[in-house]
Every structure is written in C-alpha cells, then in structure tokens.
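Encoded as structure tokens, the structure appears first; notes follow it.
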Amino acid sequence: MTASTGHPAFTLDPADDVQARALARLQSEQIAWFTSIRDSGFPHAVPVWFLWWEGELLVLSEPQAVKVRNVRGNEKVLVHLEAGRGGEHLTVLAGTATISPEPTSAWVDRIGAEYAAKYGRGLAGLSLDMSGMAAQYSTVIRMTPAKLTAW
39 MTASTGHPAF
49 TLDPADDVQA
59 RALARLQSEQ
69 IAWFTSIRDS
79 GFPHAVPVWF
89 LWWEGELLVL
99 SEPQAVKVRN
109 VRGNEKVLVH
119 LEAGRGGEHL
129 TVLAGTATIS
139 PEPTSAWVDR
149 IGAEYAAKYG
159 RGLAGLSLDM
169 SGMAAQYSTV
179 IRMTPAKLTA
189 W
C-alpha cells in the first residue's frame, strides 16, 4: 500500500531480469513520454521529468498544462521511456492518474532531495531550486501503473 493513497503499490520484481531493468530505468531515466487523453478522444503525448516513488510515477506540472486538464477529465494514461538504440529496451506503463490534492510544496519534504538529486543539472539550467520548482510546477500528477510492457 502506498502511504498516501491506501492503494496497493505497483511492484516490479527485481529477481526478474526484464522487470529489474524496467525498475532501474524508471529510477534513472531523465525523460518519459506522458500520454493522456483529450476531451476529443485524441491522445496528447509530452516529454516530462518524473520520479518513481513508492510504486507510482510522479510528474510535477504547471497547473494549467493540457496534461493536467486531460487527467482531470480522463484518468487513463500511458507512460513510456525511450527504447534505446535499436529499440532493445522497451518500457511502457499503462494505468491511471490523479491530481494530488496537495500542491508540490507539500511534497517537497517527501521527494525534494531525490528529485533534486535526479534533476539538479536541469534545475540549475532553469535557474530553479526545489522551492522555485514547487512554485512554478505546483501540481503533482500521480500515475498508478496497472500494467508493464517491457523487454
């Protein structure tokens, strides 16, 4: 169970080679493609920074972003990582997403150090620290995977 949702956490088995590789990539990759569904029914895919945290994928977003509006209207989402050279490392998560009722600033104590460690160079390039990031990207999208497709 995740501490904050009470839902069972999505787990990846580190003893399974494919799942272990997917887990390592979720922890280390810088960019994921986040696909949500527009009101028109068409998909909307955008590159995002993300954090794998307690069996969920967290995305910090500007509150007026299309992906936030889409998640409010349709919880079904897909997240995939680049497949690597030759497409040899596919990692796709399908599941549902919600908008956290807590702003990013409330999450900083829980995820700030890990997020800053992962994206320190990118944050510096944007002249942001975690409090600046939390102010600008004040909405947290919580993606709960239901299915992994990987090889």
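For the sequence shown, the tail end lands on 189 under the numbering used here, and the numbers increase by one without skipping. Virtual Cβ for every residue (Gly too), placed ideally from N, Cα, C.
task = Give the C-beta separation of Pro81 and Trp71 to the nearest angstrom, bearing in mind that I take them to be a contact with Cβ-Cβ under 8 Å.
result = The C-beta separation of Pro81 from Trp71 comes to about 10 Å, leaving the pair out of contact by the 8 Å criterion.
Trp90 and Gly160 closer than 8 Å at C-beta = For the pair Trp90 and Gly160, the CB atoms are not nearer than the 8 Å cut-off.
query = In three-state terms, what does DSSP make of Ala188?
reply = Ala188 sits in a strand when the DSSP states are folded into three classes.
inquiry  = Less than 8 Å between C-beta atoms, sequence neighbours within five positions excluded: which residues of the same chain meet that for Thr177?
reply    = Closer than 8 Å at the Cβ level, and outside the excluded window around Thr177, lie Leu98, Ser99, Glu100, Pro101, Ala103, Val106, Ile137, Ser138, Pro141 and Thr142.
For Trp236, the first and last residue of its enclosing beta strand (DSSP E) = Residue 236 is absent from the structure shown; the chain starts at 39 and stops at 189.
key: Best match in Val115, Gly122 and Val109 for proximity to Lys185 [C-alpha to C-alpha]   = The candidate whose alpha carbon is nearest that of Lys185 is Val115.
task = Give the straight-line distance between the Cα atoms of Leu95 and Trp145, rounded to the nearest whole angstrom.
result = Using only the alpha carbons, I get a separation of about 14 Å.
inquiry  = For Thr73, tell me which candidate among Leu50, Ala154 and Ala132 has the shortest Cα-Cα distance.
reply    = Measuring from the Cα of Thr73, the nearest candidate turns out to be Ala132.
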